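Numbering (the working numbering), first residue to last: 121 to 574.
Structure follows, in structure tokens:
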């Protein structure tokens with residue numbers, strides 16, 4: 121983060137805190153109106169609970185709603201804790217239903233029931249429906265605020281309906297078209313409606329090829345579709361093709377950021393549930409299993425080295441060189457693995473279809489291994505005054521980088537086929553392969569050419 125942005129965040133926080141302390145209600149409301157709500161929400165994250173309570177007591181419900189819609193889960197819960205049930209229900213009147221569902225889902229069961237009892241029946245039914253879907257599914261992130269018009273309307277009639285509904289809707293660029301049975305049959309851009317004659321029929325200007333998803337689809341798959349087809353919004357439909365809601369592009373951006381952060385953490389063996397505020401006990405539970413798995417794989421590499429103890433004892437130089445071989449293999453394997461994990465996240469990788477890429481990785485291992493091996497061999501030969509030690513180093517380097525390419529490609533693909541997340545487990549298996557086989561190739565060659573090394 122640049123120094124300018126850091127300075128701006130500090131200024132926002134200090135300004136917000138000062139207005140709360142001086143109880144400047146009008147200035148505070150104006151500040152929230154004039155600034156981007158996300159900036160205000162981020163500034164509010166560092167306020168203590170008492171300051172949050174004072175802020176909420178000074179603001180009208182619509183201002184609190186705009187901040188809560190942009191706040192992260194922790195801040196939403198803290199804000200909700202400072203409000204009474206009546207105040208919270210009043211604020212909900214100014215919020216999108218998918219955001220309301222997210223907040224209610226984080227409340228205790230007792231408070232959730234109390235708030236449901238205070239809500240209108242139609243609102244209650246929508247929120248309960250949203251809460252039934254898994255959090256990371258299409259149904260879990262959709263909003264029920266959208267515009268749907270019938271295909272038998274004229275443009276003039278459609279515009280009247282859009283004018284009535286638009287103030288309550290997040291996205292109006294894309295209008296969804298349904299038939300008399302309520303089934304989704306097409307979409308029409310607002311631009312096309314505005315540029316068509318008043319007597320033109322919606323059925324004549326709509327696009328029939330609709331990209332949609334069912335509510336059970338994982339949010340990551342939804343993000344791929346939105347990115348692939350460059351959509352502003354994607355409808356969520358049931359098995360009868362009736363619209364249940366839509367997912368907007370801003371929610372998709374949040375999904376992409378969330379999935380990216382999750383993959384980065386899991387590749388390091390860290391759970392997405394862990395943060396700096398996680399308790400010691402929770403951190404132990406989240407990290408220890410992966411460390412134990414890594415310990416097991418380390419023993420496998422250690423046992424490989426132990427099998428060649430006699431060879432290493434006679435040629436001590438092997439102990440220092442073999443770490444170079446295994447380290448280079450690990451790095452090469454990580455490169456291939458990272459590319460495969462990214463590719464799997466955006467496209468369907470199939471070994472039968474992508475076998476030329478697999479062959480390329482093998483040749484890449486040979487070429488990179490030869491170049492790095494020759495450089496290493498020259499240095500080794502000069503330091504230890506042994507030509508054959510250099511030769512063994514070249515061959516072992518090539519062998520281990522080929523191993524790195526093979527396992528770096530195959531492990532993520534196989535894990536995906538088995539239903540496991542490649543981002544979570546790939547690095548363990550790839551590193552184990554390059555360590556164990558790297559040691560075995562190098563020490564095995566050393567044992568074979570032992571008389572020439574003495």
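C-beta atoms are modelled at their ideal positions from N, C-alpha and C, and glycine is treated no differently.
Computed from a prediction, not measured in an experiment: that's the story for all the values here.
How is residue i classed by DSSP in three states: helix, strand or coil?
{"i": "residue 270", "result": "strand"}
{"i": "residue 480", "result": "helix"}
{"i": "residue 257", "result": "strand"}
{"i": "residue 367", "result": "strand"}
{"i": "residue 140", "result": "helix"}
{"i": "residue 204", "result": "coil"}
{"i": "residue 216", "result": "coil"}
{"i": "residue 552", "result": "helix"}
{"i": "residue 421", "result": "helix"}
{"i": "residue 362", "result": "strand"}
{"i": "residue 456", "result": "helix"}
{"i": "residue 264", "result": "coil"}
{"i": "residue 327", "result": "strand"}
{"i": "residue 414", "result": "helix"}
{"i": "residue 156", "result": "coil"}
{"i": "residue 619", "result": "The first residue shown for the chain is 121 and the last is 574, placing residue 619 beyond what the model contains."}
{"i": "residue 540", "result": "coil"}
{"i": "residue 640", "result": "Residue 640 cannot be examined here, being either before or after the span of the chain that is shown, 121 to 574."}
{"i": "residue 240", "result": "coil"}
{"i": "residue 292", "result": "coil"}
{"i": "residue 228", "result": "coil"}
{"i": "residue 121", "result": "Unreliable placement is indicated for residue 121, whose pLDDT of 48 sits below 50; the coordinate value is still reported in the next sentence. Three-state DSSP puts residue 121 in coil, outside helix and strand."}
{"i": "residue 398", "result": "coil"}
{"i": "residue 183", "result": "helix"}
{"i": "residue 346", "result": "helix"}
{"i": "residue 374", "result": "helix"}
{"i": "residue 132", "result": "helix"}
{"i": "residue 560", "result": "helix"}
{"i": "residue 488", "result": "helix"}
{"i": "residue 470", "result": "coil"}
So what does residue i bridge to, in DSSP terms?
{"i": "residue 306", "result": "297"}
{"i": "residue 193", "result": "None, per the DSSP bridge assignment."}
{"i": "residue 333", "result": "356"}
{"i": "residue 338", "result": "257"}
Which same chain residues end up closer than 7 Å to residue i when comparing Cβ atoms and leaving out the 5 residues on each side of it in sequence?
{"i": "residue 161", "result": "187, 190, 191, 195"}
{"i": "residue 264", "result": "217, 246, 365"}
{"i": "residue 214", "result": "181, 182, 185"}
{"i": "residue 449", "result": "520, 521, 523, 524, 554, 558"}
{"i": "residue 225", "result": "251"}
Under DSSP, the beta strand (DSSP E) around residue i begins and ends at which residues?
{"i": "residue 356", "result": "353-357"}
My guess is that residue i and residue j are in contact by the Cβ rule of under 8 Å, so how many angstroms apart are they, rounded?
{"i": "residue 200", "j": "residue 227", "result": "6 Å"}
{"i": "residue 527", "j": "residue 553", "result": "4 Å"}
{"i": "residue 326", "j": "residue 308", "result": "4 Å"}
{"i": "residue 366", "j": "residue 298", "result": "Wrong, their Cβ atoms sit about 13 Å apart, outside the cutoff."}
{"i": "residue 351", "j": "residue 333", "result": "Not confirmed; about 11 Å, so no contact."}
{"i": "residue 148", "j": "residue 179", "result": "6 Å"}
{"i": "residue 434", "j": "residue 574", "result": "6 Å"}
{"i": "residue 323", "j": "residue 271", "result": "4 Å"}
{"i": "residue 369", "j": "residue 335", "result": "Contact flag wrong, Cβ pair sits at about 18 Å."}
{"i": "residue 496", "j": "residue 444", "result": "6 Å"}
{"i": "residue 340", "j": "residue 379", "result": "5 Å"}
{"i": "residue 328", "j": "residue 354", "result": "Actually they are not in contact, since the Cβ atoms of residue 328 and residue 354 sit about 16 Å apart, beyond 8 Å."}
Which residues in the same chain have their Cβ closer than 8 Å to the Cβ of residue i, if we skip the five residues on either side of it in sequence?
{"i": "residue 282", "result": "267, 269, 292, 295, 310, 313"}
{"i": "residue 125", "result": "Residue confidence is low: residue 125 scores 47 on pLDDT, short of 50, so the model does not pin down where it sits. Its coordinate-derived value is still stated next. Within the same chain, residue 125 has no close Cβ partners at all."}
{"i": "residue 172", "result": "164, 198, 199, 202"}
{"i": "residue 303", "result": "360, 361, 362"}
{"i": "residue 492", "result": "448, 517, 521"}
{"i": "residue 570", "result": "431, 434, 435"}
{"i": "residue 502", "result": "none"}
Kindly list the residues whose CB is nearer than 6 Å to the CB of residue i, restricted to its own chain and excluding five residues on each side of it in sequence; keep chain order.
{"i": "residue 211", "result": "181, 184, 185"}
{"i": "residue 175", "result": "140"}
{"i": "residue 489", "result": "517, 518, 521"}
{"i": "residue 221", "result": "247, 250, 251"}
{"i": "residue 549", "result": "531"}
{"i": "residue 556", "result": "420, 421, 424"}
Output the boundary residues of the alpha helix (DSSP H) element that contains residue i.
{"i": "residue 575", "result": "No answer is possible for residue 575: the residues shown for the chain start at 121 and end at 574."}
{"i": "residue 509", "result": "507-537"}
{"i": "residue 569", "result": "Neither: residue 569 is in no alpha helix (DSSP H) and is coded neither H nor E."}
{"i": "residue 433", "result": "429-434"}
{"i": "residue 165", "result": "Taken as a continuous stretch (DSSP letters only), residue 165 belongs to no alpha helix (DSSP H), as it is neither H nor E."}
{"i": "residue 172", "result": "169-178"}
{"i": "residue 284", "result": "275-285"}
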